[in-house]
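>
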Amino acid sequence: MKPIHRMPASTARSIRWVLTDIDDTMTKNGKLESCAYTALCDLASSGLPVIAVTGRSSGWGEVHLQEWPIVGAVTENGAIAWHSRGSIVAPDSVPNTDPSLVRAAEAAYRAVPRAKPASDNNLRRYDYAIDHAERIDPPLTGPEISAIIAAFEAEGCVAKPSSIHINCWKGSCDKQKASVHFLSEVFGYADATDRDKVLYIGDALNDEPMFAHFPNACAVANVSRWLDHMTSRPAWIAEKLYGQGFAEIAQIVLAHRSAECL
């Protein structure tokens, strides 16, 4: 990983799309930081399309698309994406009422009795989330998180921790596959030639597919807590944490792009 301030001007000027995680990337302690929202507005004003890519629920994504200066929201770790003309559902998305997901959740709560469902599960369609650090105090431990993941994997499900939830689903969708599909459908993106024109910003383990795929993937500084568990790390890292890190990355990219216009 290289410090974001070392990103070459030519790289920043080549960016055509900004994709970003939300929780603990733009937010801190569950609240959107003002500097991050200002940076989001600045990116949009510059003409760069911004797409949120999140483990959060489909319902939250619809609201973000209406209220924030973004052009899309890829939600539930890729299961369903929203844009101005409607939604895109991943081909292998399985509703979260699937019996194997239900059995796995029951087994997870038996294994870790103090675990609780994520507060936004009633707004989810495909993903089922367990809270490990959002409203659980103290947060679940590493062994407790591992026990929950094992319960879902035993039922053939996928389970990936974000910074606050353990997101669990059936099928092979993930943030990267859904993002590529979204960009292709909405913008005519060609992955073979456009991959380095995407700037992604994330912070956690469920961002690994994005870190692995996009050569200009970035992370805010609080990604450090997960680095020892990652096999794919981002190319660039901010000096600052949470929403301040997001703003730092945006400001550097925008400064290079503004200099080009002088």
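Basically this note's numbering = 1-based index in the sequence shown + 767. For every residue, glycine included, the Cβ atom is placed at its ideal position computed from N, Cα and C.
Output the distance between the C-alpha atoms of glutamate 1015 and glutamate 1006, rounded to the nearest integer angstrom.
Cα to Cα, glutamate 1015 sits roughly 8 Å from glutamate 1006.
> Measuring CB to CB, does alanine 984 end up less than 9 Å from alanine 1002?
A contact, by the Cβ cut-off of 9 Å.
> My understanding is that alanine 846 touches serine 867, with C-beta atoms under 8 Å, so please give their C-beta distance in whole angstroms.
No, alanine 846 and serine 867 are not in contact; Cβ-Cβ is about 16 Å, not under 8 Å.
> Excluding five sequence neighbours on each side, which residues of the same chain lie with their C-beta closer than 7 Å to the C-beta of histidine 772?
Within the same chain, histidine 772 has close Cβ partners Ile1019.
> When the distance is taken between beta carbons, is threonine 821 closer than 9 Å to alanine 840?
In contact: alanine 840 and threonine 821 (Cβ atoms closer than 9 Å).
> Evaluate contact between the region 900–908 and the region 943–960, counting only Cβ atoms and requiring at least three cross-stretch pairs below 8 Å.
No, because fewer than three Cβ pairs between the region 900–908 and the region 943–960 fall closer than 8 Å, the two stretches do not touch.
> Please report the Cβ distance between serine 946 and arginine 891, rounded to the nearest whole angstrom; I am assuming they are in contact, meaning their Cβ atoms lie under 8 Å.
The pair is not a contact, with the Cβ atoms about 19 Å apart (cut-off 8 Å).
> Restricting to runs no shorter than 4 residues, where is the alpha helix (DSSP H) found entirely within the region 898–941?
Listed in chain order, they are 909–920.
> I need the DSSP call for valine 820, collapsed to helix, strand or coil.
Strand at valine 820.
> By the DSSP assignment, the beta strand (DSSP E) with tyrosine 967 in it spans what residues?
Tyrosine 967 -> beta strand (DSSP E) spans 965–969.
> On the DSSP bridge list, what partners appear for alanine 729?
What is shown of the chain runs 768 to 1029, which leaves residue 729 out entirely.
> Name the one or two DSSP bridge partners that glycine 853 has.
BP columns for glycine 853 point to His850.
> How is valine 841 classed by DSSP in three states: helix, strand or coil?
Three-state result, valine 841: strand.
> On the criterion of 16 or more Cβ atoms from any shown chain inside 10 Å, does threonine 960 qualify as buried, or is it exposed?
Looking at its Cβ environment, which holds fewer than 16 other Cβ atoms inside 10 Å, threonine 960 is exposed.
> Apart from the five residues just before and just after leucine 1029, which ones in its own chain have a Cβ nearer than 8 Å to its Cβ?
In this prediction, leucine 1029 scores a pLDDT of 49, lower than 50, which makes its location untrustworthy; no coordinate-derived value is stated.
> From Asp788, Asn889 and Ala779, pick the residue whose C-alpha is nearest to that of phenylalanine 978; which is it?
Considering only alpha carbons, the answer is Asp788.
> Can you tell me the Cα-Cα spacing of tyrosine 876 and isoleucine 915, whole angstroms?
Their Cα atoms are separated by approximately 8 Å.
> Would alanine 1026 pass as a contact of alanine 857 if the rule is Cβ separation under 9 Å?
Result no, Cβ atoms of alanine 1026 and alanine 857 do not sit closer than 9 Å.
> With distances taken from CA atoms, which of Val879, Trp827 and Lys944 is nearest isoleucine 933?
Of the candidates Val879, Trp827 and Lys944, the one whose C-alpha sits nearest the C-alpha of isoleucine 933 is Val879.
> Check valine 990 in the structure and name its three-state DSSP category.
It is helical.
> Pick helix, strand or coil for leucine 1029, following the three-state DSSP scheme.
Reliability fails at leucine 1029, whose pLDDT of 49 lies under 50, so the model's placement of it is uncertain and the value that follows must be treated cautiously. Leucine 1029 falls in the coil class under three-state DSSP.
> Could you check what DSSP says for leucine 815 in three-state terms: helix, strand or coil?
If DSSP states are grouped into helix, strand and coil, leucine 815 belongs with coil.
> Have a look at the DSSP bridge pairing and note the partners of tryptophan 827.
DSSP lists no partner for tryptophan 827.
> Applying the criterion that 16 or more other CB atoms from any shown protein chain within 10 Å of the CB defines a buried residue, is aspartate 791 buried or exposed?
By the 10 Å Cβ count, aspartate 791 comes out buried.
> Given this structure, state the Cα-to-Cα distance separating cysteine 906 from alanine 806, to the nearest angstrom.
Checking the displayed sequence, the identity of residue 906 turns out to be proline instead of cysteine. Going by the C-alpha atoms only, they are around 30 Å apart.
> Based on Cα-Cα distance, which residue from Asn863, Asn889, Pro770 and Ser812 lies nearest to valine 838?
For the residues Asn863, Asn889, Pro770 and Ser812, the minimum Cα distance to valine 838 belongs to Ser812.
> Would you kindly check if the distance between the Cβ of valine 785 and the Cβ of alanine 1017 is under 9 Å?
Yes, Cβ-Cβ distance for alanine 1017 and valine 785 is below 9 Å.
> Per the DSSP calculation, isoleucine 1004 is bridged to which residue(s)?
Paired residues: Pro770 and Ala986.
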